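Visitor: Note that the protein sequences, when read in sequence, are chains A and B.
Here the first sequence is numbered in this note's numbering, starting from 752 and rising by one per residue.
Here the second sequence is numbered in this note's numbering, starting from 752 and rising by one per residue.
Ideal Cβ placement from N, Cα and C applies to all residues, glycine included.
These numbers were taken from a predicted model, which means no experiment stands behind them.
2 protein chains.
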Amino acid sequence: MKHIIVDAMGGDHAPQAPVQGALDALKAYDVEITLVGRLDAIQGELTACGVTTLPAHLHIQEATEVVEICDDPATAFKRKKDSSLTVGLNMVKSGAGDAFVSAGSTGALLSGATLLVKRIRGVRRAALCPQIPTKTGHTVLCDCGANAECTPEYLLQFAFLANLYAKNIMGLAQPKVGLLNIGAEPSKGDSLRLETYGLLQKAHDQGLLHFIGNVEGSDAMLGEADVIVADGFTGNVMLKTMEGTAKFMNMELKSIFLANLKSKLGALLVSKGFKAFKKKIDPNEVGALPSWG
Amino acid sequence: MKHIIVDAMGGDHAPQAPVQGALDALKAYDVEITLVGRLDAIQGELTACGVTTLPAHLHIQEATEVVEICDDPATAFKRKKDSSLTVGLNMVKSGAGDAFVSAGSTGALLSGATLLVKRIRGVRRAALCPQIPTKTGHTVLCDCGANAECTPEYLLQFAFLANLYAKNIMGLAQPKVGLLNIGAEPSKGDSLRLETYGLLQKAHDQGLLHFIGNVEGSDAMLGEADVIVADGFTGNVMLKTMEGTAKFMNMELKSIFLANLKSKLGALLVSKGFKAFKKKIDPNEVGALPSWG
Chain A
752 MKHIIVDAMG
762 GDHAPQAPVQ
772 GALDALKAYD
782 VEITLVGRLD
792 AIQGELTACG
802 VTTLPAHLHI
812 QEATEVVEIC
822 DDPATAFKRK
832 KDSSLTVGLN
842 MVKSGAGDAF
852 VSAGSTGALL
862 SGATLLVKRI
872 RGVRRAALCP
882 QIPTKTGHTV
892 LCDCGANAEC
902 TPEYLLQFAF
912 LANLYAKNIM
922 GLAQPKVGLL
932 NIGAEPSKGD
942 SLRLETYGLL
952 QKAHDQGLLH
962 FIGNVEGSDA
972 MLGEADVIVA
982 DGFTGNVMLK
992 TMEGTAKFMN
1002 MELKSIFLAN
1012 LKSKLGALLV
1022 SKGFKAFKKK
1032 IDPNEVGALP
1042 SWG
Chain B
752 MKHIIVDAMG
762 GDHAPQAPVQ
772 GALDALKAYD
782 VEITLVGRLD
792 AIQGELTACG
802 VTTLPAHLHI
812 QEATEVVEIC
822 DDPATAFKRK
832 KDSSLTVGLN
842 MVKSGAGDAF
852 VSAGSTGALL
862 SGATLLVKRI
872 RGVRRAALCP
882 QIPTKTGHTV
892 LCDCGANAEC
902 TPEYLLQFAF
912 LANLYAKNIM
922 GLAQPKVGLL
932 NIGAEPSKGD
942 SLRLETYGLL
952 QKAHDQGLLH
962 FIGNVEGSDA
972 MLGEADVIVA
982 DGFTGNVMLK
992 TMEGTAKFMN
1002 MELKSIFLAN
1012 LKSKLGALLV
1022 SKGFKAFKKK
1032 IDPNEVGALP
1042 SWG
């Protein structure tokens, strides 16, 4: 049974959301969970959820400090040694836990994970890799912001990491790996893309992954690729542009629906489908951000 | 009176669209227009439009060749010396015309314009700079694909060019200039962004433009900035991601509207507002792509 360490103090809705999430996860999956954070906060929240005695497979580990959003991300894990973040990551480092989940500061988590738990041997950089909703399902975008400056070797490694995720977590037999670029032809893009294209093609020829060539920003949401390889700068711009465009369109649609009595009636008639769609593209629903490496 | 040279043979709908557009423009604006292309094609199209004698301020310039989409963009203007593209650009070069408009190959146009007409003295690179629709109106994105590899100096020049456009064509008294980046703080981004931030801040301090700092992909469509400065690679990914996201959402909305009788009735009730919105974001409506430099 895998043992998941959960940061009970991380995120805008802590400790409610992490504690409730842990209780839900215990029911849904065959896992062991340890909540890390302030004892009074965790126990208070468990009581509020109607839990008086700890259920099987749920544990609490005390950590007296909390990494705040104003803390310097690069040094927070070191300065707050008894924070839920640092204590939780150290449990993964020591082997007491298999994975650490936090809704707290992404930067602090990434720095802490890299410097405490350390990267997999041979992996140059950890990456942030969300699943984005597409016409055909989901696509993994790797990297989306951890590494603003990248080398072709980093991008090749992102492709391998995302490919593994798409196979083992998303259950795809042969994930289609695409390189985010500004044209479909192999000759397109800057020198980083040209070199990376060569490396990905070589990996494809060796049977290590299934490279389908360049994909453009417009193809990404149409589900052309299961894995999109990008440097962290471009990946981040892409992800946030998707969010911004969706937000913009939602606002415009809302004003269309609220324009007059006729349109309001129309809105009522499509509200069910519309709600399901909003849920599908809501970053708060689909925005979990695994860090690999 | 300004003299506009129009490529009658460029684009998917040539010569119909350029000829019809020239006739419309003559009525709407105080301009002189020369259509460049094959005489029979232009005259045939004018006849089809019911024009038997040339109206005042409309001229025809023969060019026997056409640059096709399969021609190598870098050399097309040179290999097809009697193409509408090359003849038209040479008219601008010689001073016979003030500007050249073409719906043909963007690459061939950019190469031809750079090498025939040449850049403004001091401008390092020509850029492609579309207006993108936003919540508050339009934003100029500069560059969006002409230059995959950029220096901080290029980006500063893109800012100046787009600033001039926003002032003189869009009529904004003090355009807000933002740098496309992966975070709001000045310390965010890669070395290109850090150096460019310094140059833009200096230009702001000298009163040369109004720099509002970094803007993220998510802010762009909400109208935070009137001018968004980007390298051509990132700008292109941003533009195409907007197109892809909008296309994806349109397809999803269509399937919501067509789901059942109730939703179809709802669609009918909001169809007017929805059509206006689709027009607002349709790349075919708003996709003109000025090249500056």
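Identify whether A:Gln812 lies in helix, strand or coil by the three-state DSSP scheme.
Guide: Residue 812 of chain A sits at position 61 when you count from the first residue of the first sequence. Correct three-state label for A:Gln812: strand.
Visitor: Between A:Phe1025 and chain B, is there a C-beta pair that is closer than 9 Å?
Guide: For the purposes of this step, residue 1025 of chain A is taken as the residue at position 274 of the first sequence. Closer than 9 Å: yes.
Visitor: Can you pull the chain B residues whose beta carbon is under 7 Å from the beta carbon of A:Ile1007, in chain order?
Guide: Taking the first sequence and counting its residues from 1, one reaches residue 1007 of chain A at position 256. What A:Ile1007 touches in chain B: Val1021, Gly1024, Phe1025, Phe1028.
Visitor: Give me, in chain order, the residues of the same chain whose beta-carbon lies closer than 8 Å to that of B:Val782; leave out the 5 immediate sequence neighbours on both sides.
Guide: Here the question's residue 782 of chain B lines up with position 31 in the second sequence. So the qualifying residues of the chain are Met752, Lys753, His754, Ile755, Ala776, His808.
Visitor: Can you pull the chain B neighbours of A:Phe984, defined as C-beta to C-beta under 9 Å?
Guide: Here residue 984 of chain A corresponds to residue number 233 of the first sequence, with the count starting at 1. Per Cβ cutoff of 9 Å: Asn932, Ile933, Gly940, Asp941, Leu943, Arg944, Thr985.
Visitor: Exposed or buried, which one is A:Ala779 when buried takes at least 16 other CB atoms within 10 Å?
Guide: Taking the first residue of the first sequence as 1, we reach residue 779 of chain A at position 28. Classification for A:Ala779: exposed.
Visitor: With a threshold of 8 Å, are at least 3 pairs of Cβ atoms found where one atom belongs to the segment 1006 to 1026 of chain A and the other to the segment 980 to 994 of chain B?
Guide: No: fewer than three Cβ pairs fall under 8 Å.
Visitor: Starting from the N-terminal side, write out each stretch of the alpha helix (DSSP H) that is 4 residues or longer and does not extend beyond the segment 892 to 957 of chain B.
Guide: Counting only runs of 4 or more, we get 903 to 919, 942 to 956.
Visitor: Quick check: is the beta carbon of B:Ala997 nearer than 9 Å to any beta carbon in chain A?
Guide: As a first step, residue 997 of chain B is located in the second sequence; it is residue number 246 there, counting from the start. Yes, B:Ala997 counts as interfacial toward chain A.
Visitor: Could you give the uninterrupted runs of the alpha helix (DSSP H) lying entirely in the segment 829 to 904 of chain A, keeping only those of 4 residues or more?
Guide: Complete alpha helix (DSSP H) runs here, min 4: 835 to 845, 857 to 863.
Visitor: Is it buried or exposed for B:Ile1007, if we count other Cβ within 10 angstroms and need 16 for buried?
Guide: Walking along the second sequence from the start, residue 1007 of chain B turns up at place 256. B:Ile1007 is buried by the Cβ-count criterion.
Visitor: Is the CB-CB distance between B:Met972 and B:Thr890 below 9 Å?
Guide: Residue numbering aside, residue 972 of chain B sits at position 221 when the second sequence is read from its first letter. Residue numbering aside, residue 890 of chain B sits at position 139 when the second sequence is read from its first letter. A contact, by the Cβ cut-off of 9 Å.
Visitor: So is B:Lys831 buried or exposed if we call it buried at 16+ other beta carbons inside 10 Å?
Guide: The residue you call residue 831 of chain B lines up with position 80 of the second sequence. With 16 or more other Cβ atoms within 10 Å, it is buried.
Visitor: Within its chain, find whatever has a CB closer than 6 Å to the CB of A:Ala773; leave out the 5 residues flanking it on each side and keep chain order.
Guide: As a first step, residue 773 of chain A must be located in the first sequence, where it is residue number 22. Only Val757, Ile784, Leu786 meet the Cβ criterion.
Visitor: So with CB distances below 8 Å, who are the chain E contacts of A:Leu973?
Guide: Among the protein chains of the structure shown, namely A and B, there is no chain E.
Visitor: Would A:Glu904 be called buried (16 or more neighbouring beta carbons within 10 Å of its own) or exposed?
Guide: For the purposes of this step, residue 904 of chain A is identified with residue 153 of the first sequence, where counting begins at 1. So A:Glu904 ends up on the exposed side.
Visitor: With 16 other CB atoms within 10 Å as the buried threshold, where does B:Met1002 fall?
Guide: As a position in the second sequence, residue 1002 of chain B is number 251, starting the count at 1. Exposed, by the Cβ-count rule.
Visitor: Run the CB neighbour count on B:Asp970, radius 10 Å, all protein chains shown included, and call it buried at 16 or more, exposed below.
Guide: On the second sequence, residue 970 of chain B is found 219 positions in, with the first residue counted as 1. Buried is the call here.
Visitor: Got a sec: is the Cβ-Cβ distance from A:Val891 to anything in chain B below 9 Å?
Guide: Stepping through the first sequence from its first residue, residue 891 of chain A is reached at position 140. By this cut-off, A:Val891 is not an interface position.
Visitor: Give every residue of the same chain whose Cβ lies closer than 8 Å to the Cβ of A:Leu1009, excluding the five residues on either side of it in the sequence, and list them in chain order.
Guide: Locating residue 1009 of chain A in the first sequence gives position 258, counting from the first residue. Around A:Leu1009: Lys1015, Ala1018.
Visitor: Per DSSP, which residues does B:Asp721 bridge with? Please list them.
Guide: No information on residue 721 of chain B is available, as it lies outside the stretch 752 to 1044 that chain B covers here.
Visitor: Note down, in chain order, each residue of its chain lying with its Cβ closer than 6 Å to the Cβ of A:Pro937, except the 5 sequence neighbours on either side.
Guide: Start at 1 with the first residue of the first sequence, and residue 937 of chain A comes out as number 186. Cβ within range, chain order: Tyr948.
Visitor: Can you tell me the Cβ-Cβ gap for B:Ala1045 and B:Ala913, rounded? I've got them flagged as a contact below 8 Å.
Guide: Nothing can be reported for residue 1045 of chain B: it is not among the residues displayed for chain B, which extend from 752 to 1044.
Visitor: Starting from the beta carbon of A:Val988, find every residue of chain B whose beta carbon is closer than 7 Å, and list them in chain order.
Guide: Numbered from 1 along the first sequence, position 237 holds the residue referred to as residue 988 of chain A. Leu931, Ile933, Gly968, Thr985, Val988, Met989, listed in chain order.
Visitor: Using the C-alpha atoms, what's the distance from A:Lys1030 back to B:Arg876?
Guide: Here residue 876 of chain B corresponds to residue number 125 of the second sequence, with the count starting at 1. Here residue 1030 of chain A corresponds to residue number 279 of the first sequence, with the count starting at 1. Approximately 43 Å between the Cα atoms of the pair.
Visitor: Just tell me which of A:Pro926, A:Pro884, A:Asp941 has its CA closest to the CA of A:Ala1027.
Guide: Translated into positions along the first sequence, residue 1027 of chain A becomes position 276. Measuring from the Cα of A:Ala1027, the nearest candidate turns out to be A:Pro884.
Visitor: Counting C-beta neighbours from all protein chains within 10 Å, is the total for A:Pro769 16 or more, i.e. buried, or is it exposed?
Guide: Stepping through the first sequence from its first residue, residue 769 of chain A is reached at position 18. Buried, since its Cβ has 16 or more Cβ neighbours within 10 Å.
Visitor: What does the alpha-carbon distance come out to for the pair A:Leu840 and B:Gly888?
Guide: Residue 840 of chain A sits at position 89 when you count from the first residue of the first sequence. Residue 888 of chain B sits at position 137 when you count from the first residue of the second sequence. Their backbone Cα atoms lie some 47 Å apart in a straight line.
Visitor: Determine the extent of the beta strand (DSSP E) in which B:Ile979 is found, giving its start and end residues.
Guide: Along the second sequence, one-based indexing puts residue 979 of chain B at 228. Here the beta strand (DSSP E) through B:Ile979 covers 978 to 980.
Visitor: State the DSSP-derived secondary structure class of A:Gly983, mapped to helix, strand or coil.
Guide: Residue numbering aside, residue 983 of chain A sits at position 232 when the first sequence is read from its first letter. In this structure, A:Gly983 counts as helix in the three-state DSSP scheme.
Visitor: For A:Ile820, which three-state DSSP category applies?
Guide: In the first sequence, residue 820 of chain A corresponds to position 69, counting from 1. Looking at A:Ile820 - three-state DSSP - the assignment turns out to be coil, as it is neither helix nor strand.
Visitor: Measure the Cβ-Cβ separation of A:Val868 and A:Lys844 and say whether it is below 9 Å.
Guide: Sequence index remark: in the first sequence, residue 868 of chain A carries index 117 (1-based). Sequence index remark: in the first sequence, residue 844 of chain A carries index 93 (1-based). Contact flag set, yes.
Visitor: Which same chain residues, not among the five before or five after B:Glu946, have their C-beta less than 8 Å away from its C-beta?
Guide: By 1-based counting over the second sequence, the position of residue 946 of chain B is 195. Taken in chain order, the residues that qualify are Pro903.
Visitor: Give me the Cβ distance between A:Val988 and A:Leu931, rounded to the nearest whole Å; I'm assuming they're in contact under 8 Å.
Guide: On the first sequence, residue 988 of chain A is found 237 positions in, with the first residue counted as 1. On the first sequence, residue 931 of chain A is found 180 positions in, with the first residue counted as 1. The pair is not a contact, with the Cβ atoms about 10 Å apart (cut-off 8 Å).
Visitor: Show which residues of chain B have a CB atom less than 8 Å away from the CB atom of A:Gly888.
Guide: The sequence position of residue 888 of chain A within the first sequence is 137, counting from 1. By Cβ distance, chain B contributes nothing, its closest Cβ being about 12 Å from A:Gly888, past 8 Å.
Visitor: For A:Ala850, collect the residues of the same chain with a Cβ closer than 6 Å to its Cβ; drop the 5 residues on either side in sequence, then sort them by chain order.
Guide: Numbered from its first residue, the first sequence carries residue 850 of chain A at position 99. Here the set comprises Ile755.
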